[in-house]
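**Q**
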Amino acid sequence: MEQNNNTSRPYSSTLSTFLDHVKQYLATIPPVTRFALYTPIVVCIFDRIVFPLLSLQVNISSFISLNAVSFQVYRLVLYPFATNSFIQLFIIDIWLLPELYKLERKQGSLRFLWILLVLFTIIPGIVYSLVMASITAGKLNTHMPFVWDCRGMAGWVVGLVFWSYLEDDGQDQQDRMIAGAIRMPKKMWPVFVFIFFIFLVQDASVFLNISAAIVGFLYAKGKLGFLVPSEDKFIDYESKSWLQFFTRSHNFVSIDSAGNSYLPIFMPANANTPIVPSSTNSNSNNTHSQFPGQGVRLGSG
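This is the structure we're talking about:
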């Protein structure tokens, strides 16, 4: 009995450490990433669990997915939050969360929200709708049923990966590892993601992913910068009172503080080792630099 208890202790300790690690990551997630992570989960819970248990013939994803139902404009903004299954949502979140976190920290929350909505949601949605509408018009003459429907955030993953890795192409990036065994050159990573989400992810739209990849490529090369307001404009927007609900949200990244795109490093709390803010060193340096007296060399006494 004692041996079983001793054996279970490492597992419980590992689980506790893992849960603490997850909690720390979730506590540092900025608002846009947090909204993009939680909203599809809530939608999927209602569609797959709550509504069926209540015997309600309601499906939120059907109301917000991108299709030709009266061509509602709101679908061009909301279709990424529609989901097909928990499995698809889990796969996409694994790929999407690091990109969202990195880019929001680097760009600032407000600017990243604009880029995400305009460049990687609305524009690919319009391109997809036009392509599918033209295909549908051709099928009408042959009396063949053709229904198109697009949902999910696969386009975000493809577009953001193309943008991020092409924009940082000149920097010293490490090669990526697939399953910890297969080394992938950094320049091939966007191509691998594109192929993965076209051929291996169920119900991923080929046309949407292609348009998102093209948008990411063009924006990384500076061809779509005219669609994004200037940095001064975003700073002005951040001071608006009608945006305070967003700019004062937890972990909001302002334009001035943007640039730190690294995920937090987990350090377990220890009662014997108090956590010292990182600004202590800089404050102490500033204090010494402002001291008007004469320096004293150690050991010269």
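This note's numbering numbers the first residue of the sequence shown as 532 and each following residue consecutively.
In this text, a Cβ means the ideal position worked out from N, Cα and C, and glycines have one as well.
#1: Residue 598 by DSSP, collapsed to three states: which one?
#2: Less than 8 Å between the CB atoms is what I'm expecting for residue 659 and residue 739, so what's the real figure, rounded?
#3: Going by C-alpha to C-alpha distance, which of 606, 732, 680 and 761 sits closest to residue 648?
#4: List in chain order: all unbroken alpha helix (DSSP H) runs of 4+ residues lying wholly within the region 549-584.
#5: So residue 784 and residue 636 are supposed to be a Cβ contact under 8 Å. How far apart are they, rounded?
#6: In whole angstroms, give me the CA-to-CA distance for residue 614 and residue 592.
#7: Which one of 611, 721, 720 and 618 has the shortest CA to CA distance from residue 736?
#8: Where does residue 801 fall in DSSP's three states?
#9: Does the contact criterion of 3 or more C-beta pairs under 8 Å hold for the region 556-565 versus the region 627-642?
#10: Indicate the three-state DSSP secondary structure (helix, strand or coil) for residue 624 in the structure shown.
#11: Give a yes or no on contact between the region 719-734 and the region 680-690, applying the rule of three or more CB pairs nearer than 8 Å.
#12: Please say whether residue 757 and residue 639 have beta carbons closer to each other than 8 Å?
#13: Let's see if you can read the secondary structure: which residues bound the alpha helix (DSSP H) around residue 743?
**A** This is what the structure holds:
#1: strand
#2: Their Cβ separation, rounded to whole angstroms, is 5 Å, which keeps residue 659 and residue 739 in contact under 8 Å.
#3: 606
#4: Segments of the alpha helix (DSSP H) lying fully in the region 549-584: 562-576.
#5: 6 Å
#6: 6 Å
#7: 611
#8: Residue placement at residue 801 cannot be trusted, given a pLDDT of 45 that sits under 50; what the coordinates show is reported in the next sentence. Residue 801 falls in the strand class under three-state DSSP.
#9: yes
#10: helix
#11: yes
#12: no
#13: 737-751
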